[in-house]
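Chemist: So the protein lines, in turn, are chains A and B.
Quick note: the first sequence, position 79, residue 79 per my numbering, numbers continuous.
Convert by adding 1000 to the 1-based position in the second sequence; the result is the number in my numbering.
Yeah, the Cβ is synthetic: ideal placement off N, Cα and C, and Gly gets one too.
Please read these numbers as outputs of a predicted model, since none were measured by experiment.
Mind looking over this structure? Questions follow.
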Amino acid sequence: MKKIKLKGETIFIVMFVILILYVASMAFMMLWGVMTSLKDPFEYRYNIIDFPEIWMFENYSTAFSSIEVKVQNKNLEYEMVGVFGMYWNTIWYALGCAFFSAFVPCVTAYMCAKFPYKFSGFVVGIVLVTMALPIVGSAPSQIQLCKELNMYDTIWGMWLMNAHFHQGVFFLVLYESFRSVPNAYAEAAKIDGASNLQVMARVMLPLARNAFLTIFLLRVVAVWNEYQSAILFIPNKPTIAYGLYYYTFVEKKNTTYSVPMQLTGAFLICVPILILFAFFQNRIMGNLSLGGLKG
Amino acid sequence: MKTILTEKKKDAIFYVLIMIFPIAQFLVFYVGVNFNSILLAFKDYHLNMDTGKFEYVFSGFEQFKNVFLKLSIDPKLKSAVPNSIILYVIGLVISSPLSLFFSYYIYKKKFASSFFRIALFLPSIISPIVLGVMFNNFAEEAIPAYIFKWFNVECPNLISDSGTRFTTLVFYNIWVGFGTSTLLYSSSMSSIDSEITEAAQLDACTGVKEFIYIVFPLIYSTWSTFFYTGLVGIFTNQLHLHAFFGNGAPTPVYTIGYYMYVQTQSGTLETYPYLSAMGIMMTVVVIPVVFFVKWLLRKVGPSTEA
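And the structure:
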């Protein structure tokens, strides 16, 4: 009996070993990264893997003053954007994009679910088709269009680009949640004299706040970390992730350039997100499913 | 009757006012962008002798010819095509089964499953540039140093050595890519009716059998969605090369996704038509493939009906 039980469990023992190796390798690299970020850049040349002889906590203050991105301002003059400037850009960029990419699908889903016009069905159809239709390589066209619309290199332009309802599963999840809300809520509010806008803003949207918040947080994390779109669309409004890219690959002539400083810059990017994750871990992870989010 | 009509009218006005923005956004940033992409693909950027300005002019299928020509002579594209396919196949053969097994472990709530769930998801919330920079230095300098220290064996710098570079990058791609898929699979598994699995256990069904005969068929639709949507990855997966090399990745490790991104980033108005033509060609290839695979997976997939 014991033998059978053990045989049935073998797969889990194997998986456990693989998972432990996975976590150990990831943790090992992270610890090496933290340790190296606190090393003197000169010491790193001869001491790559041992503990630092001197713990250089000031690397972090040095990073704040030395990681900079060269940009062109409105008058086409060159200027440097430091870490604080990059954080400022990132906060605006991430919060704005996250808000619009959560709010627009939320409102559109509500309208389609509660106003059953033919056009609503058409909008749901658009979402299904765009999700299934893989389109590759439209970035050059996007850049060209942004330039023509004077949105290129503006953070508000990125908000507008992200204010879409048709990509991702967010719309469908919200649509299903609004469909499951009884119309009686809205009818009761209307009897009390509420307008359509009041019903939407004060009755219906608050019912979807859990799903909205989860989408918002997922998008904040995604946009904060993302750097390739920032390089393409807002090259003169560098985000903090863009700053690390610039420091690593463009500004190698910087006198402070070294592996420890690269890693210090890396931790400057991920610490705020790790804090956010620590606070909202259950919301970010617990509500995700292929159907989307459990409200 | 009048009140009802007024109410309907009010609803319609409200509907139009609220829907204007999402629809306009869709028309500009989806329809407009893709339509413009098609137009660009048939154009060329030339100096107009009459006006003295550079402008786009219709050039027929010239850009498509360029794409075909480059596919046969550009060493970057010649590496990119097989690399992208290899990457997709490896994802299918290694990443996908591992994700499924990890999810199954988490779903069965085995020892430390909550901890592993977070640990697997963690790379997904860290910026790709952060992980890329860290792993690049770790694989390049720290791993050879540790191996020498512990085993007294010389190990090449894993990223700069051409013999180990691609394998290391593929490993990295798998290593950091479990987060979302594991989470989605385990969420999908958690919706399986517990009575079904309990009945199987009463019949002395082992962990592997339960996975093969019960769990996998029940999450087959989720898995197949990953399978066919992942096909697009052949053209978009960058192998995180940008985080490792910036715009200067060595030619032998190029992927199509990376090629497209770097060309776009360093591109000018002159190169946009060529890139648009390339994007359209890929889209034309991938759409029927995705729909065919989707149809095929539905046809051959397990039936979960009673």
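Gly1052(B) to Tyr1045(B), Cα distance in whole Å?
Modeler: Approximately 13 angstroms, taken between the alpha carbons.
Chemist: Below 7 angstroms on C-beta distance, what does Thr130(A) contact in chain B?
Modeler: In chain order: Tyr1030.
Chemist: Would Phe165(A) pass as a contact of Val104(A) if the rule is Cβ separation under 7 angstroms?
Modeler: The answer is yes: Cβ separation under 7 angstroms.
Chemist: If we define contact as Cβ-Cβ less than 7 angstroms, is Val136(A) a contact residue for chain B?
Modeler: It does: the Cβ of Val136(A) has a partner Cβ on chain B nearer than 7 angstroms.
Chemist: Whole-angstrom Cβ separation of Gly1132(B) and Phe1244(B), contact assumed at under 8 angstroms?
Modeler: Sure, about 5 angstroms apart at Cβ, within 8 angstroms.
Chemist: Sort Phe64(A), Trp156(A) and Ala94(A) by Cα distance to Met80(A) and report the nearest one.
Modeler: Cα-wise, what sits closest to Met80(A) is Phe64(A).
Chemist: Specify the secondary structure class of Met204(A) as computed by DSSP and reduced to three states.
Modeler: Met204(A) falls in the helix class under three-state DSSP.
Chemist: Which term fits Val129(A), buried or exposed, when burial requires 16 or more other beta carbons within 10 angstroms of its beta carbon?
Modeler: That one is exposed.
Chemist: In this structure, how does DSSP classify Lys1078(B) when only helix, strand and coil are distinguished?
Modeler: Lys1078(B): helix per DSSP, three-state reduction.
Chemist: Quick one: using the 10 Å Cβ neighbour count with 16 as the cut-off for buried, is Pro1097(B) buried or exposed?
Modeler: With fewer than 16 other Cβ atoms within 10 Å, it is exposed.
Chemist: Asn73(A) touches chain B at which residues, Cβ-Cβ below 7 angstroms?
Modeler: Under the 7 angstroms cutoff, chain B gives no residues; its nearest Cβ is about 21 angstroms from Asn73(A).
Chemist: Using DSSP with H/G/I as helix, E/B as strand and the rest coil, what is Gln1238(B)?
Modeler: Coil.
Chemist: Return the residues of the stretch 1260-1280 of chain B that lie within a Cβ-Cβ distance of less than 7 angstroms from chain A, sorted by chain order.
Modeler: Result list: Met1260, Tyr1261, Thr1264, Gln1265, Gly1267, Tyr1272, Leu1275, Ser1276, Met1278 and Gly1279.
Chemist: Within a Cβ cutoff of 7 angstroms, which residues of the same chain sit near Leu1184(B), ignoring the five residues on either side of it in sequence?
Modeler: The answer, listed in chain order, is Thr1222.
Chemist: Whole angstroms is fine: what's the gap from Met158(A)'s alpha carbon to Met151(A)'s?
Modeler: Computed Cα separation, rounded: 8 angstroms.
Chemist: Just list the alpha helix (DSSP H) runs in the stretch 1036-1110 of chain B, keeping only unbroken ones of 4 residues or longer that don't cross its boundaries, in chain order.
Modeler: The qualifying runs are 1062-1073, 1075-1090 and 1096-1107.
Chemist: Go ahead and pull the three-state DSSP assignment for Met1189(B).
Modeler: The answer is helix: DSSP assigns Met1189(B) an H, G or I state.
Chemist: Any residues in the stretch 25-40 of chain A with a beta carbon nearer than 9 angstroms to a beta carbon of chain B? Which ones, in chain order?
Modeler: Against chain B - using a Cβ distance shorter than 9 angstroms - the residues of the stretch 25-40 of chain A are Ser25, Met26, Ala27, Phe28, Met29, Met30, Trp32, Gly33 and Thr36.
Chemist: Chain B beta carbons: is any one of them nearer than 7 angstroms to that of Thr248(A)?
Modeler: Closer than 7 angstroms: yes.
Chemist: To the nearest angstrom, report how far apart Asn1066(B) and Tyr1274(B) are at their CA atoms.
Modeler: The straight-line gap from Cα to Cα measures roughly 7 angstroms.
Chemist: Distance check for Pro140(A) and Ala1277(B), CA to CA, integer angstroms please.
Modeler: Taking the straight line from one Cα to the other gives about 11 angstroms.
Chemist: On the DSSP letters alone, give me the boundaries of the beta strand (DSSP E) that Lys70(A) sits inside.
Modeler: Its beta strand (DSSP E) spans residues Val69 to Gln72.
Chemist: Taking only the alpha-carbon atoms, compute the straight-line gap between Ala109(A) and Leu218(A) and give it to the nearest angstrom.
Modeler: Computed Cα separation, rounded: 18 angstroms.
Chemist: Give a yes or no on contact between the stretch 116-132 of chain A and the stretch 1036-1044 of chain B, applying the rule of three or more CB pairs nearer than 8 angstroms.
Modeler: With the cut-off at 8 angstroms, the stretch 116-132 of chain A and the stretch 1036-1044 of chain B do not touch.
Chemist: Which bits of chain A does Ser1127(B) rub up against, with CB to CB less than 9 angstroms?
Modeler: Trp224, Asn225, Glu226, Tyr227, Ile240, Ala241, Leu244, Ala266, Ile269, Cys270 and Ile273, listed in chain order.
Chemist: For the stretch 94-113 of chain A, enumerate the residues whose C-beta is nearer than 7 angstroms to any C-beta of chain B, in chain order.
Modeler: Residues passing the 7 angstroms Cβ filter: Val104, Val107, Thr108 and Met111.
Chemist: What separation, rounded to the nearest whole angstrom, lies between the Cα atoms of Tyr247(A) and Pro272(A)?
Modeler: Rounded to whole angstroms, Tyr247(A) to Pro272(A) spans 19 angstroms at the Cα level.
Chemist: Give me the residue from Ile269(A), Ala278(A) and Phe279(A) with the minimum Cα distance to Ala94(A).
Modeler: Comparing Cα-Cα distances from Ala94(A) to each of Ile269(A), Ala278(A) and Phe279(A), the minimum goes to Ile269(A).
Chemist: Short of 7 angstroms in beta carbon distance, which residues of its chain neighbour Ile1280(B), apart from the five on each side in sequence? Order them along the chain.
Modeler: The answer, listed in chain order, is Ser1037, Ile1038 and Ala1041.
Chemist: List the residues of chain B whose Cβ lies closer than 8 angstroms to the Cβ of Pro116(A), in chain order.
Modeler: Those do not exist, as Pro116(A) stays about 10 angstroms from chain B at its closest Cβ, beyond 8 angstroms.
Chemist: Taking the beta carbon of Lys118(A) as the centre, do at least 16 other beta carbons fall within 10 Å, making it buried, or is it exposed?
Modeler: Label assigned to Lys118(A): exposed.
Chemist: Mind checking which residues open and close the beta strand (DSSP E) that includes Met80(A)?
Modeler: Looking at the DSSP string, the run of the beta strand (DSSP E) that includes Met80(A) is Tyr78 to Val81.
Chemist: Going by other Cβ atoms of all chains shown within 10 Å of its Cβ, with 16 needed for buried, is Ile240(A) buried or exposed?
Modeler: Flag for Ile240(A) reads buried.
Chemist: According to DSSP, is Trp88(A) helix, strand or coil?
Modeler: Residue state, collapsed to three classes: helix.
Chemist: With a cut-off of 8 angstroms on the beta carbons, I'd call Gln142(A) and Val1033(B) a contact; round off their distance for me.
Modeler: 5 angstroms between Cβ atoms; contact.
Chemist: Need the endpoints of the alpha helix (DSSP H) that Lys1158(B) sits in, please.
Modeler: Note that residue 1158(B) is Leu in the sequence shown, not Lys. No alpha helix (DSSP H) holds Leu1158(B); DSSP gives it neither H nor E.
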